Amino acid sequence: MNLFNFQTVPRLVCEIGSAQKLGKLVAEQFAATTHALIVTDPGFLRTGLVDPLVAGLQAENFKVSVYSDVVADPPEPVVLQAAASARSSGIDLVIGVGGGSSMDVAKLIAVLLGGDQDLKSMYGIGNVKGSRLPLIQIPTTAGTGSEVTPISIVTTGTTTKSGVVSPQLYADLAILDAALTVGLPPKVTAATGIDAMVHAIEAYTTKLKKNPLSDMLARQALDLLGKNLVLACEDGQNLGVRQAMLLGAMLAGQSFANAPCAAVHALAYPIGGIFHVPHGLSNALVLPQVLRFNAPAAAPQYAELAEILSPGIAGSVEAKSQGLIDYMEQLAAKVGIETQLRQVGIATSDLDRLADDAMLQTRLLTNNPRAVTRADAYAIYAAAL
Ligand SMILES: NC(=O)c1ccc[n+]([C@@H]2O[C@H](COP(=O)([O-])OP(=O)(O)OC[C@H]3O[C@@H](n4cnc5c(N)ncnc54)[C@H](O)[C@@H]3O)[C@@H](O)[C@H]2O)c1
Ligand SMILES: [Fe+2]
Numbered sequence: 060m061n062l063f064n065f066q067t068v069p070r071l072v073c074e075i076g077s078a079q080k081l082g083k084l085v086a087e088q089f090a091a092t093t094h095a096l097i098v099t100d101p102g103f104l105r106t107g108l109v110d111p112l113v114a115g116l117q118a119e120n121f122k123v124s125v126y127s128d129v130v131a132d133p134p135e136p137v138v139l140q141a142a143a144s145a146r147s148s149g150i151d152l153v154i155g156v157g158g159g160s161s162m163d164v165a166k167l168i169a170v171l172l173g174g175d176q177d178l179k180s181m182y183g184i185g186n187v188k189g190s191r192l193p194l195i196q197i198p199t200t201a202g203t204g205s206e207v208t209p210i211s212i213v214t215t216g217t218t219t220k221s222g223v224v225s226p227q228l229y230a231d232l233a234i235l236d237a238a239l240t241v242g243l244p245p246k247v248t249a250a251t252g253i254d255a256m257v258h259a260i261e262a263y264t265t266k267l268k269k270n271p272l273s274d275m276l277a278r279q280a281l282d283l284l285g286k287n288l289v290l291a292c293e294d295g296q297n298l299g300v301r302q303a304m305l306l307g308a309m310l311a312g313q314s315f316a317n318a319p320c321a322a323v324h325a326l327a328y329p330i331g332g333i334f335h336v337p338h339g340l341s342n343a344l345v346l347p348q349v350l351r352f353n354a355p356a357a358a359p360q361y362a363e364l365a366e367i368l369s370p371g372i373a374g375s376v377e378a379k380s381q382g383l384i385d386y387m388e389q390l391a392a393k394v395g396i397e398t399q400l401r402q403v404g405i406a407t408s409d410l411d412r413l414a415d416d417a418m419l420q421t422r423l424l425t426n427n428p429r430a431v432t433r434a435d436a437y438a439i440y441a442a443a444l
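Residues in the sequence shown are numbered consecutively from 60, following this note's numbering.
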């Protein structure tokens with residue numbers, strides 16, 4: 060066993076309807092704060108579900124501002140503009156409400172306002188120097204697990220994605236309330252849910268920081284996500300199913316926060332960066348081919364995960380490992396998302412650029428159970444075309 064570090068957020072509230080108690084929770088835990096900033100995106104704002112959060116905070120005498128201009132795969136200027144406007148209005152508490160994009164922006168606003176370090180010097184691992192403002196995260200997709208990770212992903216330049224990874228990005232409190240997720244469309248439910256499953260799979264097979272706690276969390280996450288993803292796509296109003304998805308995605312987040320993701324994410328990021336394909340779908344598109352590539356190195360772990368998703372699966376380790384790949388391919392087909400790169404507008408002539416960009420994701424590739432060369436990356440994309 061590797062010796063390991065494990066870190067997560069200090070407080071979680073996992074309860075249907077808990078967002079209604081936001082004002083009270085903030086008054087109890089952050090009594091010294093006065094002016095909260097809710098960070099969200101226009102899509103979630105349209106659901107009308109931000110209004111009761113604002114009202115709950117105001118009822119406890121907090122001043123509330125709402126920043127709702129987050130865009131998917133947030134570009135650097137969006138983060139900087141949001142932070143500048145928060146600074147000028149005297150914010151002293153940040154609340155991310157939304158998918159990974161909103162929560163990632165909330166994290167960076169909290170650290171940017173906590174000191175005077177500039178964003179450029181924060182990219183990479185462990186480069187945030189100061190502290191941050193109090194931070195609450197409320198996920199509205201069951202996907203990224205960003206509510207419990209120390210990671211924020213920003214689109215830098217025109218197409219490249221970079222991560223800020225520092226312990227200061229762990230929130231003080233995460234609130235999981237399925238009532239906020241019932242309006243998530245089936246396709247977004249499917250793609251974000253597969254993202255969460257990928258987090259569990261990649262954490263379980265991560266090369267350098269695999270540890271017993273992350274393993275346990277990944278297994279539990281896959282069990283919940285596997286049992287509930289199709290149901291969540293079929294009946295988005297089912298609160299029990301939605302809460303199980305939120306819990307599964309959060310557990311996967313805790314897992315990969317300590318046992319980091321690998322080649323699936325490394326090959327997915329260029330697809331999102333260049334072609335603006337949503338994060339979960341980008342992962343789903345390369346997942347089966349990366350699993351096939353990794354199988355010679357990771358078959359025993361894949362076989363263990365197959366037993367969770369397909370209880371009673373029989374055969375050799377290799378057969379069970381193949382069973383995991385089959386399961387994930389069938390799941391993508393069942394939930395109706397695209398399964399080939401060409402379906403999202405990618406052509407053979409794009410593969411060189413994708414492979415070049417993927418090789419820049421060294422933070423992730425270093426965790427892959429099997430070394431990935433540029434030729435391997437190209438071959439994986441070609442097989443996924
Ligand atoms: N920080 C991390 O640990 C981490 C991990 C993985 C991915 N990411 C990042 O997270 C981002 C992706 O996040 P995401 O997949 O959650 O998507 P997202 O935050 O971009 O949201 C996707 C869409 O869903 C809509 N939406 C969200 N919740 C809704 C709801 N309840 N009802 C109706 N519509 C809703 C949004 O308006 C948006 O249009 C990417 O930038 C990715 O790089 C971060
Ligand atoms: Fe992800």
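Heads up, the beta-carbon is just placed ideally off N, CA and C, and yes, glycines get one too. A quick note: this is a predicted structure, and the numbers were derived from the prediction, not measured.
- Between ligand 2 and the CB of His338, the shortest heavy atom gap is smaller than 7 Å.
- Counted as a single uninterrupted DSSP element, the stretch harbouring Val257 is not any beta strand (DSSP E) but the alpha helix (DSSP H) occupying residues Pro245 to Tyr263.
- For Val213, the secondary structure class from DSSP, reduced to helix, strand or coil, is strand.
- DSSP links Val123 through a beta bridge to Ala95.
- In this structure, the CA atom of Asn426 is about 26 Å from the CA atom of Gln389.
- Beyond the five residues adjoining it in sequence on each side, Leu444 comes within less than 6 Å, by CB distance, of Leu400 and Arg401 in the same chain, given in chain order.
- In this structure, DSSP gives Leu235 an extended state, which the three-state scheme calls strand.
- Its chain contains Val153, Arg191, Leu192 and Leu194 as the residues whose beta carbon lies nearer than 6 Å to that of Ala169, once the 5 sequence neighbours on both sides are disregarded; these appear in chain order.
- Straight through space, the alpha carbons of Ser408 and Gln302 are spaced by roughly 42 Å.
- Around the beta-carbon of Asp294, fewer than 16 other beta-carbon atoms lie within 10 Å, marking it exposed.
- The segment 144-190 contains, as complete alpha helix (DSSP H) runs of 4+ residues, the segments 159-172 (chain order).
- Per the coordinates, the alpha-carbon of Met275 lies some 10 Å from the alpha-carbon of Ala311.
- With a threshold of 7 Å, the Cβ atom of Thr203 counts as near ligand 2, since some heavy atom of the ligand is closer than that.
- Annotation for Lys83: Glu119 place their beta carbon closer than 7 Å to its own, counting only its chain and skipping 5 residues before and after.
- For ligand 2, a non-hydrogen atom lies closer than 7 Å to the CB of Asn342.
- For a cut-off of 8 Å, the C-beta gap from Ala417 to Pro347 is around 16 Å, too long to register as a contact.
- Not one heavy atom of ligand 1 sits closer than 7 Å to the Cβ of Val223.
- In the DSSP assignment, Cys320 falls outside any beta strand (DSSP E), carrying neither H nor E.
- Distance between Val138 and Ser160, taken at the CA atoms: about 10 Å.
- With distances taken between CA atoms, Leu298 lies nearest to Leu243 out of Leu424, Gly102 and Leu243.
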